[in-house]
Amino acid sequence: GQQLNQSPQSMFIQEGEDVSMNCTSSSIFNTWLWYKQEPGEGPVLLIALYKAGELTSNGRLTAQFGITRKDSFLNISASIPSDVGIYFCAGHARPGTASKLTFGTGTRLQVTL
Amino acid sequence: GAVVSQHPSRVICKSGTSVKIECRSLDFQATTMFWYRQFPKQSLMLMATSNEGSKATYEQGVEKDKFLINHASLTLSTLTVTSAHPEDSSFYICSAGSSTDTQYFGPGTRLTVL
Chain F
79 GQQLNQSPQS MFIQEGEDVS MNCTSSSIFN TWLWYKQEPG EGPVLLIALY
129 KAGELTSNGR LTAQFGITRK DSFLNISASI PSDVGIYFCA GHARPGTASK
179 LTFGTGTRLQ VTL
Chain D
656 GAVVSQHPSR VICKSGTSVK IECRSLDFQA TTMFWYRQFP KQSLMLMATS
706 NEGSKATYEQ GVEKDKFLIN HASLTLSTLT VTSAHPEDSS FYICSAGSST
756 DTQYFGPGTR LTVL
């Protein structure tokens, strides 16, 4: 199935550093979502973006819906050890939040003390 | 956010047996439920989309006779892996959504087929 290209694939950073990851697609998406998944668990929604150009924050997390509707980025400021996990972008290609999601390839984040 | 549960959280079965996994939306009515499969160190791959009261729509390459999906109510969908084989071992995750809200994911079910 179709996947979104996510980069970087993995990151090793020190506690306190800022993190940036992005997601790109060859086609337009109507909604962009960012999830975090920890080992053995399902993804947890972090931020949802519904309009092109939209910039949304959730605590130390900030995400933007690209103006072309083909990309999105997620920033994490002042990382802490509990930020460790796999971050996935996902998007609805069709209108409607009940339509199927396409997932990115994931960014694995490791935070060292 | 909304709560979605899955049962069991992990199951080990013998090759050739069938396994049923339940997905429940606990505090909202889900018009649509989705079933994903995730292999180690890979992303989630959609298997099928399930609408309450109708047949599931399967993604290309997913055998509908092997992965039986039932969505009998607005709060429950089940996935049955029939005649399971070791290659079916994976992490199965469901999500539930409504027309007015985004999808929420269950905690996943780890299936190991011996």
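Chains as they are written, first to last, in my numbering: chain F, 79 to 191; chain D, 656 to 769.
For each residue, glycine too, the CB sits at the ideal point set by N, CA and C.
Just to make sure I have the definition right: I need the residues of chain F whose C-beta is within less than 9 angstroms of the C-beta of residue i. Which are they?
i: D:L723; result: Near D:L723 there are no residues of chain F at all, since even the closest Cβ is about 19 angstroms away, more than 9 angstroms.
i: D:F694; result: Correct list: empty, because the minimum Cβ distance to chain F is about 12 angstroms.
Give the residues of chain D in contact with residue i, contact being defined as C-beta atoms less than 8 angstroms apart.
i: F:F166; result: S698 and L699
i: F:A126; result: T757
Quick one: which chain F residues come within Cβ less than 7 angstroms of residue i?
i: D:F683; result: Result: empty, since nearest Cβ-Cβ is about 12 angstroms, beyond 7 angstroms.
i: D:T704; result: K178
So residue i contacts chain F; which residues on that side make the cut at Cβ distance below 8 angstroms?
i: D:Y759; result: L123
i: D:G708; result: Within chain F, no residue comes near D:G708; the closest Cβ sits about 14 angstroms away, beyond 8 angstroms.
Quick check: the Cα distance between residue i and residue j, rounded to an integer number of angstroms?
i: F:Q81; j: F:A141; result: 19 angstroms
i: D:E714; j: F:V122; result: 23 angstroms
i: D:Q693; j: F:G94; result: 31 angstroms
i: F:T183; j: F:W112; result: 12 angstroms
i: F:P86; j: F:L133; result: 21 angstroms
i: F:Y128; j: F:F143; result: 8 angstroms
i: F:L152; j: D:H726; result: 34 angstroms
i: D:R765; j: F:F90; result: 27 angstroms
i: D:L701; j: F:G137; result: 30 angstroms
i: F:T190; j: F:Q92; result: 5 angstroms
i: F:G131; j: F:Y165; result: 21 angstroms
i: F:W110; j: D:K721; result: 32 angstroms
i: F:R147; j: F:I106; result: 5 angstroms
i: F:G118; j: D:A751; result: 19 angstroms
i: F:S104; j: D:S698; result: 18 angstroms
i: D:Y759; j: F:A156; result: 27 angstroms
i: D:S728; j: D:G716; result: 27 angstroms
i: D:E718; j: D:G763; result: 20 angstroms
i: D:T767; j: F:I158; result: 34 angstroms
i: F:E116; j: F:I145; result: 30 angstroms
i: F:G163; j: F:G120; result: 12 angstroms
i: F:L124; j: D:S738; result: 37 angstroms
i: D:C749; j: D:I724; result: 11 angstroms
i: D:L769; j: F:S135; result: 45 angstroms
i: D:M688; j: D:K669; result: 28 angstroms
i: D:T757; j: D:I667; result: 32 angstroms
i: F:R186; j: F:S88; result: 4 angstroms
i: F:S98; j: F:S150; result: 11 angstroms
i: D:A703; j: F:A126; result: 23 angstroms
i: F:S160; j: F:L139; result: 13 angstroms
Counting only Cβ pairs nearer than 9 angstroms, list the residues of chain D close to residue i.
i: F:Q81; result: S698 and M700
i: F:T140; result: By Cβ distance, chain D contributes nothing, its closest Cβ being about 18 angstroms from F:T140, past 9 angstroms.
i: F:G182; result: S698
Quick one: list the residues of chain D neighbouring residue i, beta-carbon separation under 7 angstroms, in chain order.
i: F:E119; result: P762 and G763
i: F:L111; result: T757
In this structure, what does DSSP give as the bridge partners for residue i?
i: F:V189; result: F:I91
i: F:S85; result: F:N100
i: F:E113; result: The residue asked about is misnamed: residue 113 of chain F is Tyr in this sequence, not Glu. F:L123 and F:F166.
i: D:H662; result: D:E677
i: D:L731; result: D:R679 and D:S728
i: D:F694; result: Beta-bridge pairing links D:F694 to no other residue.
i: F:Q142; result: F:L133 and F:F151
Pair every Cβ in the segment 734-747 of chain D with every Cβ in the segment 664-677 of chain D, then say whether three or more of these pairs are closer than 8 angstroms. yes
Across the segment 707-723 of chain D and the segment 656-670 of chain D, are there enough close Cβ pairs to call them in contact, namely three or more that are closer than 8 angstroms? no
Report the residues of the segment 734-750 of chain D with a CB closer than 7 angstroms to any CB of chain F, ordered along the chain. I748
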